[in-house]
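>
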Amino acid sequence: MGPPDMADPLTDAALAWLHIFAVVGWMGTGMFIVMVMGPLMPSLSPQTRGELIIRLFPRIMRYIAVFATLTGVVGIILAFSKTGGNLSLLSPNNIWGLRVTVGASLAVIAYVIAMTIVMPTTRKIVGLVQQMQQNPQQGPSPQIPVLQKRMRIASTTALALMALSLIFMVAASRLPPV
Ligand code: HEM
232 MGPPDMADPL TDAALAWLHI FAVVGWMGTG MFIVMVMGPL MPSLSPQTRG ELIIRLFPRI
292 MRYIAVFATL TGVVGIILAF SKTGGNLSLL SPNNIWGLRV TVGASLAVIA YVIAMTIVMP
352 TTRKIVGLVQ QMQQNPQQGP SPQIPVLQKR MRIASTTALA LMALSLIFMV AASRLPPV
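In this text, residue positions in the sequence shown follow my numbering: the first is 232, and each later residue adds one.
1) Quick one: what's got a C-beta closer than 7 Å to Ile375's C-beta in the same chain, skipping five residues either side?
2) Relative to the alpha-carbon of Val409, which residue among Val339, Leu241, Gln362, Asn324 has its alpha-carbon at the smallest distance?
3) Determine contact between the stretch 291 to 303 and the stretch 238 to 257, defined as no fewer than three beta-carbon pairs at a distance below 8 Å.
4) Could you give the distance in angstroms between the alpha-carbon of Leu392 and the alpha-carbon of Ala341?
5) Could you give the DSSP three-state label for Asp236: helix, strand or coil?
6) Would you check if there are 3 or more beta carbon pairs closer than 8 Å linking the stretch 241 to 250 to the stretch 274 to 291?
7) Please classify Leu390: is it buried, with 16 or more other beta-carbons within 10 angstroms of its beta-carbon, or exposed?
8) Return the chain-ordered list of same chain residues with a C-beta closer than 8 Å to the C-beta of Gly269, the five sequence neighbours on each side being excluded.
9) In three-state terms, what does DSSP make of Val409?
10) Rounding to the nearest angstrom, what Cα-Cα distance links Leu309 and Arg330 in this structure?
11) Just reading off the alpha helix (DSSP H) that Gln369 is part of, what are its end residues?
12) Going by alpha carbons, who is nearest to Met237 out of Leu320, Val265, Val343?
13) Drop a sphere of 10 angstroms on the beta-carbon of Leu275, count the other beta-carbons inside from all chains shown, and report buried for 16 or more, exposed for fewer.
14) Based on Cα-Cα distance, which residue from Ser372, Trp248, Val265, Leu249 lies nearest to Ala394?
15) Given 7 Å as the limit, tell me if Leu309 has its C-beta closer than that to any heavy atom belonging to the ligand HEM.
16) Enumerate, from N- to C-terminal direction, the unbroken alpha helix (DSSP H) stretches of 4 or more residues contained entirely within the stretch 268 to 340.
17) Alpha carbon to alpha carbon, how far is Leu249 from Val377? Give it in angstroms, no decimals.
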């Protein structure tokens, strides 16, 4: 079975736009972190790096939390709208339901990784860098490289899961049933 089309086309298009807009905010920021900011960090001077961490990290994390949550909420509304509220159409025994469910499940894992590993680790790094700037005589904390590695691995994993989720989402909306 292909995508069910219970919704008014304009409502459907508006929800798809909002869903994609939110995903761009979430995944785009993830790509910026993993592909641009991460590789850039080691080449910066310690002062610039410290300032960037304190000023940029909290902003980026807030941004991700808002867009990731919006993606899921609008995704669920989109699923309600597409199926006319008949959520049994999401069951994995039809190919559309399977594609949406697998895509959404991968997105949920990425969300959990972002909220329970990336966010708290980033908060700890920001706290340690602030402490270091207040007491410069203490020297750099040995915990920071460990936390940075954890953040790198967790954000790369979350991004990979989102790229996979995207395949299933586009398959659900575009590919004919097989
Ligand atoms: C809890 C999370 C999510 C839920 C419940 C959800 C749900 C849905 C539903 C029901 C559709 C409509 C499928 C169709 O038109 O037949 C859809 C489309 C789509 N989703 Fe998601 N989604 C979620 C997360 C994501 C994520 C993480 C991404 C990207 C990485 C994504 C990208 C897309 C795209 C690109 C479309 C196609 C829109 C179109 O062409 O009309 N979604 N999603």
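Every residue, glycine too, gets a C-beta built ideally from N, C-alpha and C.
Computed from a predicted model, the values in this text were never measured in an experiment.
The structure says:
1) The sequence position of residue 375 within the sequence shown is 144, counting from 1. Closer than 7 Å at Cβ, skipping near neighbours: Ile356, Leu359.
2) Position 178 of the sequence shown, counting from 1, holds the residue named residue 409. Measuring from the Cα of Val409, the nearest candidate turns out to be Asn324.
3) yes
4) For the purposes of this step, residue 392 is taken as residue 161 along the sequence shown, with counting starting at 1. For the purposes of this step, residue 341 is taken as residue 110 along the sequence shown, with counting starting at 1. Taking the straight line joining both Cα atoms gives about 6 Å.
5) Here the question's residue 236 lines up with position 5 in the sequence shown. Note: Asp236 maps to coil in three-state DSSP.
6) no
7) As a working mapping, residue 390 is identified with position 159 in the sequence shown. So Leu390 counts as buried.
8) Taking the sequence shown and counting its residues from 1, one reaches residue 269 at position 38. So the list reads Arg383, Ser386, once near-sequence residues are dropped.
9) For the purposes of this step, residue 409 is taken as the residue at position 178 of the sequence shown. Coil at Val409, not helix or strand.
10) As a working note, residue 309 is residue 78 in the sequence shown. As a working note, residue 330 is residue 99 in the sequence shown. Their Cα atoms are separated by approximately 14 Å.
11) Counting from 1 along the sequence shown, the entry for residue 369 is found at position 138. Run containing Gln369: none; DSSP gives neither H nor E here.
12) The residue you call residue 237 lines up with position 6 of the sequence shown. For the residues Leu320, Val265, Val343, the minimum Cα distance to Met237 belongs to Leu320.
13) For the purposes of this step, residue 275 is identified with residue 44 of the sequence shown, where counting begins at 1. With fewer than 16 other Cβ atoms within 10 Å, it is exposed.
14) The residue labelled residue 394 in the question sits at position 163 within the sequence shown. Closest option to Ala394, Cα to Cα, is Val265.
15) Working through the sequence shown from its first residue, we reach residue 309 at position 78. Yes - the ligand HEM has a heavy atom lying nearer than 7 Å to the Cβ of Leu309.
16) 277 to 314
17) On the sequence shown, position 146 is the one that residue 377 refers to. On the sequence shown, position 18 is the one that residue 249 refers to. Straight-line Cα distance between these residues: approximately 37 Å.
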